[in-house]
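Under numbering that gives the first Met the number 0, think of the first position of the sequence shown as 0, with each following residue one higher. Built from N, CA and C at the ideal position, the CB exists for glycine as well.
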Amino acid sequence: MRTLLLGSGGRESAMAWALGRSGVVSELIAAPGNPGVGVFATLAQVELGSSSSVQALAERIDPELVVIGPEAPLVDGAADLLRARGMKVFGPNADAALIEGSKSFAKAVMTEAGIATGKARAFTTVGDAVSFMDELGPPFVIKADGLAAGKGVVVTEDRSAAVDALEDRLVRGSFGDAGRKVVVEEFLRGEEVSIIGVTDGRTILACEPAQDYKRALDGDNGPNTGGMGSYSPVPACPPGAVEEISEEVLNPIVDFLSNY
Numbered sequence: 000m001r002t003l004l005l006g007s008g009g010r011e012s013a014m015a016w017a018l019g020r021s022g023v024v025s026e027l028i029a030a031p032g033n034p035g036v037g038v039f040a041t042l043a044q045v046e047l048g049s050s051s052s053v054q055a056l057a058e059r060i061d062p063e064l065v066v067i068g069p070e071a072p073l074v075d076g077a078a079d080l081l082r083a084r085g086m087k088v089f090g091p092n093a094d095a096a097l098i099e100g101s102k103s104f105a106k107a108v109m110t111e112a113g114i115a116t117g118k119a120r121a122f123t124t125v126g127d128a129v130s131f132m133d134e135l136g137p138p139f140v141i142k143a144d145g146l147a148a149g150k151g152v153v154v155t156e157d158r159s160a161a162v163d164a165l166e167d168r169l170v171r172g173s174f175g176d177a178g179r180k181v182v183v184e185e186f187l188r189g190e191e192v193s194i195i196g197v198t199d200g201r202t203i204l205a206c207e208p209a210q211d212y213k214r215a216l217d218g219d220n221g222p223n224t225g226g227m228g229s230y231s232p233v234p235a236c237p238p239g240a241v242e243e244i245s246e247e248v249l250n251p252i253v254d255f256l257s258n259y
């Protein structure tokens, strides 16, 4: 099966490695890829932010399967574009991808679907955001609503730093459109675990848990990044947790989005 992999990050490196091990994939082309991806795939040039560039590449390669890794092209509708041209695509449509593209939408989905989640509200003005932030108390959690390459979240005990983060997004516009709205959220203390599920829109299969380290510098003393590394399995994730999370989180999300 001739397969086109779109993306250039560590995620796509792992995908390329896995696809290269598959007996089903006979030819793997990655765009734009990176040197690590190039070990497993032939690299091609593409502008992921340009729908015309993505379409032109896909039509030239004529893949039997397209795998889209990054969030941004999915939110921008790359999967919809290619499916409309008869291609098989692994990746959600733009409507479903909004759960990653907007934190306020994700919170609304969790509330509507009855999924337990921390208190949170979305704001477009600093004053209202600060009032709610003070109501919750420290540590303060400030998130740019849109996609920010993993760098849009600030968690701090320092009130002045939290207010500065709000002004940075809402006033100074450092995150562009992604920061025109912010989510102020309750801080939840404990071990963090990531569970990714693969769904056909009706059922969902949960993968093994992973633990992601986002902060730069030793001792987590730096700002958030798109990810400094991760590992799996996670010793802190008890037996049966994946089944519980599937039942209480993943299945309700799929049910909600299938009717959205």
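DSSP places ILE194 outside any beta strand (DSSP E), giving it a letter other than H or E. Boundaries of the beta strand (DSSP E) harbouring LEU64: 64 to 67, taken from the DSSP string. The beta carbons of GLY90 and ALA78 sit closer together than 8 Å.
Annotation for GLU26: no alpha helix (DSSP H) segment contains it, though the beta strand (DSSP E) segment containing it runs 26 to 31.
Remark: fewer than three beta-carbon pairs, one from each stretch, lie closer than 8 Å, so the segment 30 to 46 and the segment 69 to 76 are not flagged as touching. Taken atom to atom, the span from the alpha-carbon of GLY151 to that of PHE139 is near 14 Å. With the rule of 3 Cβ pairs closer than 8 Å, the segment 222 to 230 counts as touching the segment 194 to 214. Residue state for THR202 is assigned as coil, using DSSP reduced to three classes. Annotation: the continuous alpha helix (DSSP H) that includes GLU242 extends over 240 to 244. One Cα belongs to PRO237, the other to LEU187, and the distance between them is close to 18 Å. With fewer than 16 other Cβ atoms from the protein chains shown falling within 10 Å of its own Cβ, THR124 counts as exposed. By a beta-carbon distance limit of 8 Å, ALA29 contacts ALA40. Their separation comes to about 4 Å. In this chain, LYS150 is not harboured by any alpha helix (DSSP H), its DSSP state being neither H nor E. Within the DSSP bridge table, the entry for LYS142 names VAL152 and VAL182 as partners. Inclusion of ALA143 and ILE252 in the CB contact set at 8 Å is not warranted, their separation being larger than that value.
For the options SER103, VAL108 and ASP127, the alpha carbon positioned closest to that of ALA119 is the one of SER103. By the Cβ-count criterion, ILE98 is buried, with 16 or more other Cβ atoms from all chains shown falling within 10 Å of its own Cβ. Taking each of SER193, ALA215 and ASN250 in turn and checking the Cα distance to ALA235, the smallest one comes out for SER193. A distance below 6 Å between beta-carbons, with the five flanking residues on each side excluded, links LYS180 to the following residues of its chain, in chain order: ALA121, THR123 and ASP144.
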